[in-house]
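> Dropping the structure in here first, questions after.
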Amino acid sequence: MTHAAFIIPAYAVTVGGLLAILLQSWVSMRRAEAAAEKLKAERRR
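Our numbering applies: residue 1 is where the sequence shown begins, and numbers increase by one.
If you want it as structure tokens, here you go:
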């Protein structure tokens, strides 16, 4: 049995985890930007 049977799934899990972290970070950033814009709008009033 070759090592590829273990290496390929390991890469798949790693890439999947990376994509999940990137998505979570992007969503968090968008929420923070929206909150900052809301605060700026309230301060202008």
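For each residue, glycine too, the CB sits at the ideal point set by N, CA and C. If you're wondering where the values come from, they're calculated on a predicted model, not measured in any experiment.
Compute the Euclidean distance between the alpha carbons of ARG30 and VAL13, then round it to the nearest angstrom.
Answer to the nearest angstrom: the Cα atoms are 26 angstroms apart.
> Where does THR2 fall in DSSP's three states?
In this structure, THR2 counts as coil in the three-state DSSP scheme.
> Which of the three DSSP states, helix, strand or coil, is assigned to ARG44?
ARG44 falls in the helix class under three-state DSSP.
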